[in-house]
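Asker: This structure is in structure tokens; I'll ask about it shortly.
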Amino acid sequence: MLSSQITVGALANIFGKNVIALRIPSILLSTLGILSTYKIGELLYSKKIGLIAAFLFAINGLIIEQTAGRVATDHIDVFFFSLVSIGVYFMLRYSKGREKLFLVLGAIFTSLAVLSKWLPALIVIPIWIVSSLNKTKIKHIINDLLLFLVIVIAIVLPWQLYIHSSFPIEAAWESNYNRKHIFEVLGPHGHPFYYHFDKMRIIFGEIVYLPLLWLIYVTFKEKFDKQILILLIWILIPYIFFSVVKTKMQGYVLFTAPAMFIMIGVFIN
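So in the numbering used here, spot 96 of the sequence shown is number 656, and the numbers just go up one at a time.
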């Protein structure tokens, strides 16, 4: 939430307090989401897969509604899924050539995602670890992970320290409220366990179940396939976690969208 608020506030100073200033951040970030989805698809598979995934991202109804501010938690969700996808892209680039700049950029964008909508952004870590297996020594992965976490903590921790020291009552209430999402139903958002899997067909189209079943089948049938496993981790970990969480909203799993679209692209191809 912090990173989206800062961006909106800065643009309001430039354009004034109007709809253009309000919507530009989401438009820019969702456009970067299209680009990062293409680049991730290209890195994992091919330009063709990347183009299919980027096209599906660009025409997705919920993403367009989020960008236009027509549904709840619009700015926050747009910033979150866009920053997560950019973080994934840079970490995948790092696993390809081990250029430290990409590790630093990946950690920075992951940190901004954490500041937008907290710890689910760390899905970047298992995705990157899987992409590094079989070509990077374990000790190097551990060292890289420590550097990644140091950067994330250095960016995220100051804001946490500031709000808890300057606004202790409000910060404590917010932290407790965040935890309540996991164990309690808040507002009109109590849904059955399968809610997110049911909404999947509405968000991504009914066809999505076919490539998802195919992805799971291939994972267990074939030998270790990093590309397939990356997609499966990116999709299933959030879906299973937020299915267990008591409070459920459709935007919670939207950061899996790039993986969904790449999966559909691979299935179509």
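Virtual Cβ for every residue (Gly too), placed ideally from N, Cα, C. From a predicted model like this one, the values you see are computed outputs, not experimental measurements.
Please classify residue 613 as buried or exposed, where buried requires at least 16 other C-beta atoms within 10 Å of its C-beta.
Answerer: Start at 1 with the first residue of the sequence shown, and residue 613 comes out as number 53. Looking at its Cβ environment, which holds 16 or more other Cβ atoms inside 10 Å, residue 613 is buried.
Asker: Would you kindly work out how many angstroms separate the C-alpha atoms of residue 645 and residue 668, rounded to a whole number?
Answerer: By one-based count along the sequence shown, residue 645 stands at place 85. By one-based count along the sequence shown, residue 668 stands at place 108. So the two alpha carbons sit approximately 12 Å from each other.
Asker: State yes or no: is the C-beta of residue 858 within less than 9 Å of the C-beta of residue 775?
Answerer: Here the chain comprises residues numbered 561 to 829, so residue 858 is not present and cannot be evaluated.
Asker: Starting from residue 743, follow the alpha helix (DSSP H) in both directions and report where the run begins and ends.
Answerer: The residue you call residue 743 lines up with position 183 of the sequence shown. From DSSP, the alpha helix (DSSP H) with residue 743 extends over 728–743.
Asker: Would you mind sorting residue 780 into buried or exposed? The rule is 16 or more other CB atoms within 10 Å of its CB.
Answerer: Position 220 of the sequence shown, counted from the start, is the residue given in the question as residue 780. Result: exposed.
Asker: First and last residue of the alpha helix (DSSP H) that includes residue 609?
Answerer: As a working note, residue 609 is residue 49 in the sequence shown. Element bounds for residue 609: 607–619.
Asker: Just checking, does the segment 735–751 make contact with the segment 681–696 on the three C-beta pairs under 8 Å criterion?
Answerer: Contact fails: fewer than three Cβ-Cβ distances are below 8 Å.
Asker: Taking the beta carbon of residue 810 as the centre, do at least 16 other beta carbons fall within 10 Å, making it buried, or is it exposed?
Answerer: Looking up residue 810 in the sequence shown gives position 250. Residue 810 comes out buried.
Asker: Within a Cβ cutoff of 6 Å, which residues of the same chain sit near residue 503, ignoring the five residues on either side of it in sequence?
Answerer: With the chain covering 561 to 829 only, the question about residue 503 has no answer from this structure.
Asker: Kindly indicate which three-state DSSP category residue 807 falls into: helix, strand or coil?
Answerer: Within the sequence shown, numbered from 1, the residue matching residue 807 stands at position 247. Strand, per DSSP.
Asker: Of the residues 652, 661, 583 and 658, which one's Cα is nearest the Cα of residue 624?
Answerer: Stepping through the sequence shown from its first residue, residue 624 is reached at position 64. The candidate whose alpha carbon is nearest that of residue 624 is 583.
Asker: Is residue 765 helix, strand or coil by DSSP?
Answerer: Counting from one through the sequence shown, the residue named residue 765 turns up at place 205. In this structure, residue 765 counts as coil in the three-state DSSP scheme.
Asker: Inspect the beta-carbon positions of residue 589 and residue 638 and report whether they are closer than 9 Å.
Answerer: One-based indexing of the sequence shown puts residue 589 at position 29. One-based indexing of the sequence shown puts residue 638 at position 78. For residue 589 and residue 638, yes; Cβs fall inside 9 Å.
Asker: Can you check DSSP and say which residues form a bridge with residue 750?
Answerer: To locate residue 750, count along the sequence shown from 1; it is residue 190. Answer is 807.
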